[in-house]
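Enquirer: Sequential numbering from 101 applies to the sequence shown in the numbering used here.
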Amino acid sequence: MDFLAELDYLALGSRLKRLSDHLISEVSQTYKTLDIDFNPRLFPLLQLLYRHGPNSISELSQALGVTHAAVSQMAHMMVKSGLASKQPDPTDERRQFLELTPEAHALYQSLTPLWQAMQSTLQQFGSQQGFLLLPAITAMEQAINQSPLQQAWLAKLNAIESNPSQANTNPTAVRLTGWQPQWREQFAALNLQWLERYFSVTEADKHALFQPEEYYLNDGGYILFAEVDSQPIGAVALKRINTDIFELSKLAVAETHQQRGIGRRLMLYAISMATMVGAQQLVLQSNRQLKAALHLYRELGFKEAVPIAGLPDFPRADIFMEKTLR
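So this is what it looks like as structure tokens:
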């Protein structure tokens, strides 16, 4: 029995903490086996200082997204272990910079092959199970940052107290996942639903919808789904235009599940996926009569721009938008 799993999203923090503790324990044991004296909890700070150079505790705290006190504690451990030193800020004597020592640089170089093995293994674990963990985490972080949880919780509590019928102790879970070959027909059906309502279906549409592996996946693109009870209720696609640019397209949510924020979640999922695989920019083509979609795109940082070369030709497209990722 896994009681935390039974608690569903109420135990999300506890489950992430449990997973984190397990991973750190595995890394610690691996270091011990290889006779490497390094605390894995210092890994993020070591990486940050190695890649971006000396910095103040405040700036390191901001970059890592953790408290000033937590970074101060890690810095103290690094100084004590001879991996870092504190140097005066040449522009402000009241501040100190944390800087890696030559020993830390040597340790970094010696650990790099092991870290590459770890990353490759964990990435393989994820792909074998058919999920995209890092994009999902990124999407959730972005969603939480845009809509603070405390505010959302209190609003929901007020709604439940005002109307007890809104309380639902076992809500239907919407899950995000990657390409599922058995959902090929549903991917087409979800998009034909809105295409046939507003426009005519072009040959380019048919190619994308009925040959998605050839149109999207074989060129390094992605098709992402939202599912409920193992059935797809929404989808979005990313077509690789070149090394740095993806086109976001074919965003669709079933009529029975609209007005529930699923389109936003799919968009955040797609944005985080593109970011994770190194894209510099996301672009999209749309039509000005799709006001709700355009409103969502603008909320998520897309801005109207001039079309770029290499995009598929859709006659209905009368607006081009782009979002810089890096």
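Beta carbons are placed, not taken as given, at the ideal position from N, Cα and C, and that holds for glycine.
How would you call Ala204, buried or exposed, if buried means at least 16 neighbouring beta carbons within 10 angstroms?
Expert: Ala204 is buried by the Cβ-count criterion.
Enquirer: Please determine, among Asp121, Ala288, Leu183, the residue with the shortest C-alpha to C-alpha distance to Leu149.
Expert: Ranking the options by Cα distance to Leu149, first place goes to Leu183.
Enquirer: Could you pull the DSSP bridge partners for Met421 from this structure?
Expert: Met421 pairs with Leu384, Glu404.
Enquirer: Pull up the distance between the alpha-carbon of Arg416 and that of Ser262, whole angstroms please.
Expert: In a straight line, the C-alpha of Arg416 is about 45 Å away from that of Ser262.
Enquirer: Arg365 by DSSP, collapsed to three states: which one?
Expert: Helix, per DSSP.
Enquirer: Could you spell out where the alpha helix (DSSP H) holding Glu399 opens and where it closes?
Expert: 391 to 399 is the extent of the alpha helix (DSSP H) around Glu399.
Enquirer: Provide the residue span of the beta strand (DSSP E) that contains Ile323, from first to last.
Expert: Where Ile323 is concerned, the enclosing beta strand (DSSP E) stretches over 322 to 328.
Enquirer: Only counting runs of 4 or more residues, tell me where the alpha helix (DSSP H) segments fall wholly within the stretch 238 to 316, in order along the chain.
Expert: Runs of the alpha helix (DSSP H) inside the stretch 238 to 316: 249 to 262, 284 to 298, 303 to 310, 312 to 315.
Enquirer: Looking only at C-alpha atoms, which of Thr130, Ala105, Gln129 sits nearest to Arg118?
Expert: Of the candidates Thr130, Ala105, Gln129, the one whose C-alpha sits nearest the C-alpha of Arg118 is Ala105.
Enquirer: If you compare alpha carbons, which of Ile419, Gln251, Arg275 is closest to Tyr237?
Expert: Looking at the sequence shown, residue 237 is not Tyr but Ile. Considering only alpha carbons, the answer is Arg275.
Enquirer: Excluding sequence positions up to five away, which residues of its chain have a Cβ less than 6 Å from the Cβ of Pro271?
Expert: Here the model assigns Pro271 a pLDDT of 45, short of 50, so the residue's position is not dependable, and the following value carries that caveat. Taken in chain order, the list of residues that qualify is empty.
Enquirer: Report all residues from its chain with a CB closer than 6 Å to the CB of Gly410; omit the five preceding and five following residues, and keep chain order.
Expert: Cβ within range, chain order: Ile341.
Enquirer: Among Val301, Leu214, His307, Glu327, which has the Cα closest to the Cα of Lys132?
Expert: Nearest of Val301, Leu214, His307, Glu327 to Lys132, Cα basis: Leu214.
Enquirer: Tell whether a beta-carbon distance below 9 Å holds between Ile77 and Lys306.
Expert: Only positions 101 to 426 of the chain appear in this structure, which leaves residue 77 out of reach.
Enquirer: If you measure between the beta carbons of Pro332 and Gln385, is that distance less than 9 Å?
Expert: Not a contact, by the Cβ cut-off of 9 Å.
Enquirer: Excluding five sequence neighbours on each side, which residues of the same chain lie with their C-beta closer than 6 Å to the C-beta of Asn245?
Expert: Same-chain partners within the cutoff: there are none.
Enquirer: How about the stretch 346 to 366 and the stretch 391 to 411: do they share at least three Cβ pairs that are nearer than 8 Å?
Expert: Segments in contact, yes.
Enquirer: Starting from Arg340, trace the beta strand (DSSP E) in both directions and tell me its first and last residue.
Expert: Here the beta strand (DSSP E) through Arg340 covers 331 to 340.
Enquirer: If you draw a straight line from the C-alpha of Leu146 to the C-alpha of Trp294, how long is it?
Expert: If you take the alpha carbons of Leu146 and Trp294, they lie about 49 Å apart.
Enquirer: Answer yes or no: do Ser372 and Pro248 have a C-beta to C-beta separation smaller than 9 Å?
Expert: Not in contact: Ser372 and Pro248 (Cβ atoms no closer than 9 Å).
Enquirer: Cβ of Val336 within 9 Å of Cβ of Leu348?
Expert: It is a contact, given that the beta carbons lie within the stated cut-off.
Enquirer: State the DSSP-derived secondary structure class of Ser349, mapped to helix, strand or coil.
Expert: Ser349 falls in the strand class under three-state DSSP.
Enquirer: Is Ile136 closer than 9 Å to Ser210 when the C-beta atoms are compared?
Expert: Yes, they are a contact pair.
Enquirer: Quick one: complete alpha helix (DSSP H) runs, 4+ long, within the stretch 104 to 133?
Expert: Here the runs fully enclosed are 112 to 133.
Enquirer: Determine the extent of the alpha helix (DSSP H) in which Pro144 is found, giving its start and end residues.
Expert: Start and end: 143 to 152.
Enquirer: Where Val406 and Phe420 are concerned, what is the direct C-alpha to C-alpha distance, given to the nearest angstrom?
Expert: Spanning the two alpha carbons is a distance of roughly 6 Å.
Enquirer: Any heavy atom of the ligand SAM closer than 8 Å to the CB of Asn263?
Expert: Of ligands this structure carries none, so the ligand SAM is not represented either.
Enquirer: Going straight from the alpha carbon of Gln162 to that of Lys186, what length do you get?
Expert: If I take the Cα positions, the gap works out to 18 Å.
Enquirer: Which first and last residues belong to the beta strand (DSSP E) in which Ser185 is found?
Expert: Residues 184 to 189.
Enquirer: Would a C-beta distance cut-off of 9 Å place Met174 and Arg141 closer than the cut-off?
Expert: Yes, the Cβ-Cβ distance between Met174 and Arg141 is below 9 Å.
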